[in-house]
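**Q**
In the working numbering, the protein residues as written are 444 to 512.
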């Protein structure tokens with residue numbers, strides 16, 4: 444299991460956190476995701492073989508937020 448942390452500065456509420464978390468946890472290979480608008484970050488526990496940082500970043504972007512990679 445690997446953990447990836449990305450900065451996401453445009454989340455502003457718990458609803459934003461939920462949107463990002465649900466989008467990431469829908470990916471095959473993601474064990475868990477935790478988004479925090481207060482800390483401006485997203486932490487993802489995932490399988491190293493199936494998920495990489497680019498996939499995580501694009502999923503966050505598709506959810507409507509902009510990660511800093």
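Cβ atoms here follow ideal geometry from the backbone N, Cα and C, with glycine treated the same way.
Everything numeric in this text was worked out from a predicted model, so none of it was measured.
Taking the alpha-carbon of residue 461 as reference, which of 500, 476, 450 and 505 has the nearest alpha-carbon?
**A** Residue 476 is the option with its Cα nearest to residue 461.
**Q** Starting from residue 488 and walking both ways along the beta strand (DSSP E), at which residues does that stretch end?
**A** 484-489 is the span of the beta strand (DSSP E), which, as asked, contains residue 488.
**Q** How many Å lie between residue 509 and residue 457 at the Cα?
**A** About 16 Å.
**Q** Which residues in the same chain have their Cβ closer than 6 Å to the Cβ of residue 478, if we skip the five residues on either side of it in sequence?
**A** Around residue 478: 460, 463, 464 and 485.
**Q** Using the Cβ count rule (16 or more neighbours within 10 Å means buried), how would you classify residue 474?
**A** Exposed: under 16 other Cβ atoms inside 10 Å.
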